[in-house]
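Heads up: the structure comes next, in C-alpha cells.
2 protein chains.
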Amino acid sequence: MSADTKTLQIQALAEAARQASRQLATTTSAQRNAVLGLLASHLESQAQAILSANLEDVRGAIDTIDASSLQRLKLDAAKLAAMVQGVRAVAALPDPLNRVQLRRELDGGLELTRVACPLGVLCVIFESRPDALVQISALALKSGNAVLLKGGSEASRSNEALLAVVQGALREAHLPETAVQGLPDRAAVAAILLRPDLVDLVIPRGSNALVQSIQAATRIPVLGHAEGVCHMYLDAAADTEMAVALVRDGKLQYPSACNAVETVLIHRQAAARLLPALATDLAPRGVELRGCPACRAIVPSLGEAAEADWDMEYGTPILALKVVADLDEALAHIRTHGSAHTEAIVTDDTTAADRFLAEVDAAGVFHNASTRFADGFRYGFGAEVGISTGRIHARGPVGIEGLLSYRYLLRGHGHRVEDYSGPSGKPFRHVELPLDS
Amino acid sequence: MSADTKTLQIQALAEAARQASRQLATTTSAQRNAVLGLLASHLESQAQAILSANLEDVRGAIDTIDASSLQRLKLDAAKLAAMVQGVRAVAALPDPLNRVQLRRELDGGLELTRVACPLGVLCVIFESRPDALVQISALALKSGNAVLLKGGSEASRSNEALLAVVQGALREAHLPETAVQGLPDRAAVAAILLRPDLVDLVIPRGSNALVQSIQAATRIPVLGHAEGVCHMYLDAAADTEMAVALVRDGKLQYPSACNAVETVLIHRQAAARLLPALATDLAPRGVELRGCPACRAIVPSLGEAAEADWDMEYGTPILALKVVADLDEALAHIRTHGSAHTEAIVTDDTTAADRFLAEVDAAGVFHNASTRFADGFRYGFGAEVGISTGRIHARGPVGIEGLLSYRYLLRGHGHRVEDYSGPSGKPFRHVELPLDS
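This is the structure we're talking about:
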C-alpha cells in the first residue's frame, strides 16, 4: 500500500472516530453504561478466546522481552476478573456528562449554565499491558469520548481479541463500533499525531522515552509525564523511625512507579542520626545507596553519587542520598532536579512543613506521607486516566474529569447586547443560582 | 548582535521571568494587590508622560494604519481613566490563589487538599491597543504569574511608557520587576515560542491571522481563537420580531467582534416570513446581504452567496443567508462551517431549542439570545483573559481562572502505601471534607 493510501486510510478512521464521538456525546448515561455492562459480560463469556490469544502473544515474546514486561503482557483468570471488575466500577461511577458546573442569572430571563461535555477523540498509546485497552475504552466510553488505541506490538493478538469484545459491545448497544478503534502501527500513530484537527488529546501510557517521543512529535495536547524524579527531604526535625519507614515505602513499595523516591535529601543536622538508620534498614533489603561526599563521610560503606545521579529516575532499587545545609538548599535542589511530579518533606516542625508545602511547585507536595500516594485510586478518583506533570488542563493524577471539556449554554427571551451597552445600558445582575435545579 | 547572542539574551529574560514567577507564587494577596494599587496611582500621576508617548506613536502611524487601528492605538484621558478603573477592579477581585478546590480525608490523619496556584510564565502577544498591556499585567500579577509581553510595533512608545509604570510599581512593592517584561521584537517572540520549558501558556490577542501563525509556530499551549464563524439559526417557530432584533444585534452591535453573527440559517417554512423582514430591517442599516438561491427566490434584491461565504468571518456588516430544510440541516451546516465558538437558535419551540442546545458542540450554545453575549464581562467573570475555542484547559470566554493550575497537598503522619496494599491492606476512607475549614 502506498504511503498516500495509508494516510488517507488513517484519516478516514479518525474521521469515523470524530463522527462516532458526536453520537456518543448525545447518548444518555444509561446507554453508555449499557455498553460497559455488555463489555463486562462478554469479557467473561469470551475469556477462553482472550486467554488463548494472549498465550500466543506470550509465546511469541518470551525470548525477546524482559521478565517484568512479560509479566505485564501475560493475562490470566485473575487479571481478567480484575478487568471485568474495573469495567463494572467505571459503569458505577456517576455520569460525568451534562453536569452543571456553573449556573448564573445574567439578567431577568437570561440564564447561563456551564455543562460538562466530552473532549471528543482521544488517542491513547500504551505498552505491553493489554488490560490497559479495556480500562481506557471503559473510561472513554463512560465519558462519551471516542478513542484511537495503539498497544504494544508484542500484545497484538491480545489487543485484537479485546478490541473485538469492545466493538461487539458497542454494536450490540446500537452505538458505532468506530467509537473505539485500533491504530495498526507506528506509522498510523505518526500520521495521527500530525492532525490536531482530528484528535483532541493524546495520552501516552508507558516509558518516559515513549512520552517524550510523543510530546516531541505533536502539537496535539499530551496528557502524561515524561519524568518522575521525586524527592523526599528529611528535615532536621524528622522522626528517625518515620523517616526510615517513609523512605523504604517510597523507594521499595514499587520501585518502577513514577512516584517512587529517587533522591533523599537530608538536613545536615540530622545526617549523623538518619543516614546510619537508612543504611541499616535499606542495604539488607537490596537497595543500592549512592551518597554525596558528606554522606559517605558519615556512612563510608555508601556508593558514590555522581552529578548525574541527581537527575536519575532509576526505576530500580537504587537511591541517591545528599546532605543539604538547610531547607533552602533542599528547595533549590528540588527546583533544579525535580520533575514537578511529587515531592515530600518528613519533619515534626510545622513551620518547615508549611514552607515546603507552600513553596514547592509540583503536582503533589506531601508532608509525612509516602510519595507513592500520588495516584488516582488512592486520591479517590475512582479511575485514573494518567498522571500529568503539565500545568495546563489537568495536573497530577487525573481522573475521568481529565477527559472532559465544557460548553456554556445561554437561554434568553430575545435578549440583545445593545440594551446592555453604552452609558445608559442596563446593568447585569450576575446572580449565582443553585447548581442542582 | 549575533543571532546566538540574541537567543541567549531572550533566554536570560525568560529565565528571569521564571524566577520572578516563583517569587510571585508565594506572595500574599495583599502584596499582589499593593502592586495593583501602586500601578493604578502611577498611571494617574504619570498620565502626561503616557499620553505624550502615545501621541508620538499616533503621529508615526497615522499614514500607515487604517482608521479603526488608529482608534485602538490612540489613548486619551477617558481611556486612561478606564485603564485605572480596570486595574482597581482586578485588585478588588477575590484572591484566586491558594483557594481550596478539593479536601478529602483519605484515611485517619491523611488529608488531601487541592489548591489553586499560578500557571507560571505567560507570553502575551497583542496588537495595536496599548491598554491591553495594562489589563494583561494586572490579571497576570493578580494571579501570581509572570508575563512576557509583545505589543504592536506601532504602539512601541506607548507600551514602553506603560511597561515602565508597571515595573516601577513592582519595584516599589519590593517585587521583581522581571515579573513583567517586554519582548523587543518578533524574533524574540519566535525564540520564546520554541521554548516550552520557559513559558507555560501563550495568549495571542489580535487577528485570526496572528493566532493562527502563533499556533503553527509553537508547542506551548495557546489560549485563543483563530476563527469566529458564528451562526444564528432561525427555526420554523421563530418569532419574527425577535429574530430580526437578534440578527441585528448579532451582526451590527459590533461587527468586528469574534462573536458577531456571520451566517443566518433560516428554516424553509419560515423563510417567506423572515427573509423579507430581515432585508427590510438590515439593508437600510447598510448591511450587505448575500443569500443562497432559495433566499434570492424570495427576496430577489439579495446579493449572491458563493460557497466560500459559508466559511467567511466577515468582521464587517456583511451577512450570509441560507435556507435550510430543517433543524438537521442547520446542525449539519454548523458542524461543517462553524468554528465551535458561539451558535444560537431562535425559536419558540422548546423541543427544537433543547435539541440544538444538546447537540451543538461549541463553546457557547444560545437560545433566543444574541451571540454577542459570549464575553467574560457579560458572563460575570470580572475580567477576561481571552476567548478560547480549544477544548483543553479552558473553553469559551476565559476569566482569571484560565491563568491558574493547581497542586495536590497531602498531609500525613507517617502514612505508607504498603499498609494499603495487597489482599490484607487497609481500605481508604475517602471522606469529603468542607472546603472552607
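Heads up: the protein sequence lines correspond to chains A and B, in order.
What the first sequence shows, in numbering that gives the first Met the number 0, is residues 0 to 436, in sequence order.
What the second sequence shows, in numbering that gives the first Met the number 0, is residues 0 to 436, in sequence order.
Here a beta-carbon is modelled for each residue, glycine too, at the ideal position from N, C-alpha and C.
**Study point:** Per-residue burial, I61 of chain B [other beta carbons within 10 Å of its own, 16 or more giving buried]
**Key:** exposed
Practice item. Note the first and the last residue of the continuous beta strand (DSSP E) segment covering L96 of chain A. Key: It is not in any beta strand (DSSP E) - L96 of chain A carries neither H nor E in the DSSP assignment.
Check your understanding: Where are the alpha helix (DSSP H) runs, 4 residues long or more, that stay fully inside the segment 214-297 of chain A, in chain order?
Key -> 239-251, 267-281, 292-297
Review point. Which class does G107 of chain B belong to by DSSP, given the choice of helix, strand or coil?
Key: coil
Review point. If V260 of chain A sits next to H230 of chain A, beta carbons under 8 Å apart, how far is it from one beta carbon to the other, in whole angstroms?
Key: 7 Å
Practice item. State yes or no: is the beta carbon of S423 of chain B nearer than 8 Å to at least one beta carbon in chain A? Key: no
Practice item. Output yes if chain B places a C-beta closer than 8 Å to the C-beta of P254 of chain A; else output no. Key: no
Check your understanding: Would you call the segment 301-311 of chain B and the segment 361-378 of chain B in contact, with 3 or more CB pairs under 8 Å?
Key -> no
Practice item. Can you tell me which of the three DSSP states L434 of chain A falls into? Key: coil
**Study point:** Listed by chain order, chain B residues near L118 of chain A by CB distance under 9 Å
**Key:** R390, I391
Check your understanding: So, is the C-beta of R377 of chain B closer than 8 Å to a C-beta in chain A?
Key -> yes
Exercise for review: Could you tell me how far apart the beta carbons of G154 of chain A and P129 of chain A are, in whole angstroms, since I believe they sit closer than 8 Å?
Suggested key: It should be noted that the sequence gives Ala, not Gly, for residue 154 of chain A. Indeed they touch by this definition, with Cβ atoms about 5 Å apart.
Exercise for review: Taking Q367 of chain A as the query, report the chain B residues whose CB atoms sit under 8 Å from its CB, ordered along the chain.
Suggested key: Before going on, a small fix: residue 367 of chain A reads as Asn here, not Gln. Ordered by position in chain B, the residues that pass the 8 Å Cβ test against N367 of chain A are R410, G411, H412, G413, H414.
Review point. Hey, is V364 of chain B's beta-carbon within less than 8 Å of any beta-carbon in chain A?
Key: yes
Exercise for review: Measure the Cβ-Cβ separation of K321 of chain B and C294 of chain B and say whether it is below 8 Å.
Suggested key: yes
Review point. What does A361 of chain A reach in chain B if we use C-beta pairs closer than 8 Å?
Key: R406
Check your understanding: Would the beta-carbon of A80 of chain A fall within 8 Å of that of A236 of chain A?
Key -> no
Review point. Do you know how far the Cα of L192 of chain B is from the Cα of A186 of chain B?
Key: 10 Å
**Study point:** Secondary structure of S36 of chain B, DSSP reduced to three states
**Key:** Residue identity check: residue 36 of chain B is Gly in the sequence provided, not Ser. DSSP places G36 of chain B in helix when its eight states are reduced to three.
Exercise for review: Can you tell me the Cβ-Cβ gap for L432 of chain B and R103 of chain B, rounded? I've got them flagged as a contact below 8 Å.
Suggested key: 6 Å
Review point. Short check: CB of V34 of chain A to CB of L169 of chain A, under 8 Å?
Key: yes
Check your understanding: What residues of chain A sit near I140 of chain B, judged by a beta carbon separation below 9 Å?
Key -> Rather than Ile, the amino acid found at residue 140 of chain B in this sequence is Leu. Those do not exist, as L140 of chain B stays about 18 Å from chain A at its closest Cβ, beyond 9 Å.
**Study point:** Those runs of the alpha helix (DSSP H) which lie wholly inside the segment 54-90 of chain B and span at least 4 residues
**Key:** 66-72
Exercise for review: Could you tell me whether the Cβ atoms of P316 of chain A and E287 of chain A are closer together than 8 Å?
Suggested key: yes
Check your understanding: Taking Cβ-Cβ distances shorter than 8 Å, what residues in chain B pair up with H429 of chain A?
Key -> G379
Review point. Quick one: Cα of L50 of chain B to Cα of D75 of chain B, how far?
Key: 7 Å
Exercise for review: Tell me whether P426 of chain A is buried or exposed, calling it buried when 16 or more other Cβ atoms sit within 10 Å of its Cβ.
Suggested key: exposed
Point to revise | Same chain, Cβ closer than 8 Å to S28 of chain A, neighbours up to 5 away in sequence not counted | key: D94, L96
Point to revise | Chain-ordered neighbours of L245 of chain B on chain A, where CB pairs are closer than 7 Å | key: G413, R415
Check your understanding: What in chain A is Cβ-close to P129 of chain B, meaning under 7 Å?
Key -> Chain A residues near P129 of chain B: none, gap ~23 Å exceeds 7 Å.
**Study point:** Contact with chain A by P220 of chain B, beta-carbon distance below 8 Å
**Key:** yes
Review point. Touching or not, the segment 238-246 of chain B and the segment 208-218 of chain B, by the rule of three or more beta carbon pairs under 8 Å?
Key: no
Review point. What are the start and end residues of the beta strand (DSSP E) that includes E342 of chain A?
Key: 341-345
Exercise for review: Please determine, among A:W309, A:V345, A:V416, the residue with the shortest C-alpha to C-alpha distance to I333 of chain A.
Suggested key: A:W309
Practice item. Starting from the Cα of I135 of chain B, find the closest Cα among B:L277, B:V179, B:Q100, B:A115 and give me that residue. Key: B:V179
**Study point:** First and last residue of the uninterrupted beta strand (DSSP E) at N367 of chain B
**Key:** 363-368
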